[in-house]
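Numbering (full-length UniProt numbering), first residue to last: 1 to 354.
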């Protein structure tokens, strides 16, 4: 027969074990120190000598002490956490930028909390609300492809919590931005194809509510104009730049009476999808159609033929975004933070356009 009382007592003891977490007062009692000394030692305060600091930290580890982040942030009025909103962490450019952000933030004692918008404005709004509720010290953001205004970021703006947009920036945003030189990237890619003998150059563009794709398209148009090649709107294919969308656009091209002899895509995955579809149709790249992508993804180096592309320095952009928002959070005096920082881009020539 089950002893119900014993079971209930056991369960109650387990609940108590889970709720009675180790505090600085427990550590202080063990070591015969004041709670304030333990607190300072755990924060590496220079007022505490090294012997005491090491003793406290060793005891904290031994007892399984975990700082209460919420209580600490309420006391200090700072969380030392930066919110980060990106479309998708799986994107090569974003993953390298996140590495740069994390490494730079860690140097200054900040942690990063990441949310994915999945390219939807609704999820982006939800993440903004969540990060504001969590009282992050600042927000880094890459807008979704469909974000046309920044009204949902107003809680941060109105409460003077720093926001920095990098890479993709909504057109109505008037704050701090870190971007690549997307106009120049579009120009370089298109000019390279022209210099390789192309005269009918198609372009796969992202959704044109987004600053990146507006600028890359503008660079494409400017290069055509500079070499007296008429712009043909029917040669521009606007889609969400997924592999499937690019494959669909490729089939539109293949069934035209006259093929383009060049293609500039606004990201590398679209270029890779196009090359794969071209192979299936027996169309030679670069023999019949030369191709240039954008971002210098890992895929650009392993596809055959290897993909010419535009390098936009994701890791460095992430570092710059992190250092900018940390300076704004700390309100560093004497340090001028540029409001709109633009990274140079570089053409990487490979087999697909040679």
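C-beta atoms are modelled at their ideal positions from N, C-alpha and C, and glycine is treated no differently. Note that the structure is a prediction, hence the values are computed from the model and not measured.
Starting from residue 340, trace the beta strand (DSSP E) in both directions and tell me its first and last residue. 340-343
CB residue 213 to CB residue 271, shorter than 8 Å? no
Within the continuous beta strand (DSSP E) that includes residue 264, where are the two ends? From DSSP, the beta strand (DSSP E) with residue 264 extends over 262-265.
Where does the unbroken beta strand (DSSP E) through residue 84 begin, and where does it stop? 81-86
How would you write the range of the beta strand (DSSP E) that residue 30 sits in, first residue to last? Per DSSP, residue 30 belongs to no beta strand (DSSP E); it is in the alpha helix (DSSP H), 24-31.
With 16 as the cutoff for other CB atoms within 10 Å, does residue 118 come out buried or exposed? exposed
Closest to residue 173 by CA distance: which of 183, 148, 100, 181 is it? The candidate whose alpha carbon is nearest that of residue 173 is 148.
Could you pull the start and end residues of the alpha helix (DSSP H) that residue 258 belongs to? Where residue 258 is concerned, there is no enclosing alpha helix (DSSP H), given that its DSSP letter is neither H nor E.
Within the region 267-302, note down every full beta strand (DSSP E) run reaching 3 residues or more, in order along the chain. 290-292
Using CA atoms only, rank isn't needed, just tell me which of 50, 349, 343, 42 is closest to residue 184. If you compare the alpha carbons of 50, 349, 343, 42 with that of residue 184, the shortest gap goes to 343.
Check for me: the beta strand (DSSP E) holding residue 201 runs from which residue to which? 201-205
Would you mind reading off the limits of the alpha helix (DSSP H) that contains residue 50? Residues 50-63.
Are the CB atoms of residue 85 and residue 137 within a distance shorter than 8 Å? no
Counted within 10 angstroms of its Cβ, other Cβ atoms place residue 182 as buried (16 or more) or exposed: buried
Evaluate contact between the region 222-234 and the region 158-165, counting only Cβ atoms and requiring at least three cross-stretch pairs below 8 Å. no
State yes or no: is the C-beta of residue 278 within less than 8 Å of the C-beta of residue 237? no
Should residue 220 go down as buried or exposed, given a rule of 16 or more other Cβ atoms within 10 Å for buried? Per the 10 Å Cβ criterion, buried.
Out of 199, 160, 39, point me to the one whose CA is closest to residue 288's CA. Comparing Cα-Cα distances from residue 288 to each of 199, 160, 39, the minimum goes to 199.
Can you tell me where the beta strand (DSSP E) holding residue 164 begins and where it ends? 163-166
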